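The numbering of the first sequence is the working numbering, which starts it at 1384 and goes up by one.
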Amino acid sequence: MRVRFAPSPTGHLHIGGVRTALFNWLYARHNNGAFVLRIEDTDKDRSTDEYIEAIIEGMKWLGLDWDEGPFRQTERFDIYNKYIDKLLEEGKAYYCYCSPEELEAGRKEAMKQGRALKYSGKCRDLDAVQVEATHDKKPVVRFRMPSEGQTVVNDLIKGEVVFDNAQLDDLIIMRSDKTPTYNLVVVVDDADMNITHVIRGDDHLNNTPKQMQLYAAIGYEVPKFAHLPMILGPDRKRLSKRHGAMSVDAYKDMGYLPDALINYLARLGWAYGDQEIFPRQELTEKFSIENVGTSAAVFNPEKLLWLNAQYIINTPAGELAELVMPFLIKEKIVDKDQLPDKTWLSKAIATLKERSKTLIELTNSLRYYIAEDVEYNEKAKARFLNHKSLPLLVELKDSLGTVSDFSAPELEQVFKAVIDKHDIKLGKLAQPVRVALTGGTESPGIFEVLEVVGKERTLKRLEKAIQTINKARS
RNA sequence: GGUCCCAUCGUCUAGUGGUCCAGGACGUCGGCCUCUCACGCCGAAAACACGGGUUCGAGUCCCGUUGGGAUCACCA
């Protein structure tokens, strides 16, 4: 079997498009079929090379690899023209000389009268004399749709959907500038590329009977169709730019992992019992069209965030070190020419994994591990760096100065000695130290923090905290 | 407005006529763990849109109502 993803490069790759691409990809991988990438760029006014590049980059980042393409429809015009000529010759299509203004007026009138917004059929059967009278106009080509009977779509997801042919419009297959339109090229390409299963959003369901008539006119076998339910925004309207950052790039920049996004999108409209987390391998193994739901789904950012956190927890620290590097550089936490030691960075990340929901959060926490110095959060400083903690900090610093094995278990002993002596709880000591080391009141376990920061910088930061307190008192 | 699609907790969903006083997950609330924050664990509130059928029996099948969505371009 062969499937395809056919985006039009009129915008960035967005969440809805990714979901369509994903289901095609999963179907292909599950069935050992071919996944074709085709760029539908026949709208010259709105398509750009930048968007084509963005779509390709997005697909690569997501790991949705394709077997053929990317094909561009603008490079295949001669093929489409051949079919347009053939349809004209056989009388299955005709030239239409109506002006856009005229058509618009007809539509308004139809809307007013409560009829379907259909072409009047004015140019359907012009005779030679009438055509002669319009010689100075640039015509479009319309497809002659049957006006009687029914067209039945046997959809893999929606089931049997019946359309009265009288409802179908004589659609334009060639513009007045002689370029072909979507409804023709999609049919010609899917046929020419031997696509066996057309999996796409259900916003295309109404187009399907028209396209089936085109298949019949051209003489091709129709593929199987599967129309995926839409993804909606929180307002239950079709997902769009109005709903904020919805491009794949945006999620990449916000520190989401591709696998988390893939997992989330797969579960939107598809389920496998009670399972929530699907490693990619399992996804391709378990995916099936039969388990795709029929109703539209609201996009839920909170659940995606939770999934991303799960994926970060389950990703080895060494891999996260690679993934977080671009963020560290972008935030100027590290210098591109002076990268931190991989082993050390992995150790730092290991302490932070389970409290970072995104790579951005991880990046920000890493700041206090990597930087030479920390800045205090004002509230934290006021609460914990004061006369009460001063003697404790001084004593701890002195004790730590003599420790040779600066490891968490050893450090715990040092802390224990101090709190035992003063008969206080660990928190009384740990929080001031935490502020001194990280600048804030939230961090991994304090012994781990000390170990990662290392003896030299730990002592330096404790000294700075002590001086800060003394300065405030004088 | 015409046509088409859809309808289980706030959200994603399980459920394919009896095992459902409806299960899981996110979120919310409460608790445990605890050096903070998380993670983790335990618990709670929370749904079969409505009305008719069919059937011994309906969340599950049929019809209608209501509600939502999509589409009707010389866009794709």
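Even glycine gets a Cβ: it sits at the ideal position worked out from N, Cα and C.
All values reported here derive from a predicted model rather than from experimental measurement.
Between R1387 and D1573, the gap from beta carbon to beta carbon is short of 9 Å.
About 31 Å separates the Cβ atoms of W1444 and V1570, ruling out a contact at the 8 Å cut-off. Counting only residues of its own chain and dropping the five nearest sequence neighbours on each side, T1667 has a CB closer than 8 Å to the CB of L1409, R1412 and H1413.
DSSP places R1663 inside the alpha helix (DSSP H), whose first and last residues are R1663 to K1669. Looking at the backbone, the Cα of F1767 and that of T1824 are separated by about 9 Å. Taking a C-beta distance under 9 Å as the contact criterion, P1392 and R1421 do not qualify as a contact pair. Residue environment: G1638 is assigned as buried (16 or more neighbouring CB atoms within 10 Å of its CB, all protein chains considered).
The alpha-carbon of I1849 is positioned some 10 Å away from that of H1770. Here H1610 is buried. Its C-beta has 16 or more other C-beta atoms within 10 Å. Ranked by Cα distance from I1467, the first of K1669, Y1478 and T1457 is Y1478.
The residue from P1606, S1503 and C1481 with its alpha-carbon nearest to that of N1537 is P1606. For V1571, the enclosing alpha helix (DSSP H) begins and ends at Y1565 to D1575. Following the DSSP letters along the chain, one finds A1654 in no beta strand (DSSP E), marked with neither H nor E. Restricted to the region 1768 to 1846, the alpha helix (DSSP H) segments that are unbroken, complete and at least 4 residues in length are 1773 to 1784, 1791 to 1805, 1809 to 1821 and 1829 to 1836, listed in chain order.
The shortest C-alpha to C-alpha distance from E1714 to any of T1746, M1494, T1821 and W1689 is the one to T1746. Taking S1678 as reference, the option from I1540, L1509, R1490 and Q1550 with the minimal CA-CA separation is I1540.
CA-CA distance, L1648 to A1404, rounds to 11 Å. Just measuring C-alpha positions, the residue of G1399, R1385 and A1855 sitting nearest H1626 is G1399.
The C-beta of P1815 has 16 or more other C-beta atoms within 10 Å across all chains shown, which makes the residue buried.
Sequence-distant Cβ neighbours of L1833 in its own chain, meaning closer than 6 Å and more than five residues away, are L1794 and T1841. Following the DSSP letters along the chain, one finds V1536 inside the beta strand (DSSP E) bounded by residues Q1533 to D1538.
According to DSSP, residue pairing for Y1478 in a beta bridge involves V1524. V1631 carries a helical assignment under DSSP once its states are collapsed to helix, strand and coil. Between V1401 and G1441, the gap from beta carbon to beta carbon is short of 9 Å.
Out of Y1480, S1790, V1757 and K1780, the CA that lies nearest to the CA of V1818 is found in V1757. Here M1494 is exposed: its Cβ has fewer than 16 other Cβ atoms, across all protein chains shown, within 10 Å. Rounded to the nearest whole angstrom, the C-alpha separation of A1600 and L1470 is 8 Å. I1435 carries a helical assignment under DSSP once its states are collapsed to helix, strand and coil.
Per DSSP, reduced to three states, the secondary structure at H1610 is strand.
When DSSP reads this structure, R1429 sits in no beta bridge, so it has no partner.
Under the 10 Å beta carbon count, L1690 is surrounded by 16 or more other beta carbons and is classified as buried. Secondary structure of G1489 (DSSP, three-state): helix.
Residues of the same chain with a CB within less than 6 Å of the CB of L1703, apart from the 5 flanking positions on each side, are I1732 in chain order. If you look at M1557, you'll find it in the beta strand (DSSP E) that goes I1555 to M1557.
The secondary-structure analysis by DSSP pairs V1675 across a beta bridge with W1653. For R1385, the three-state secondary structure derived from DSSP is strand.
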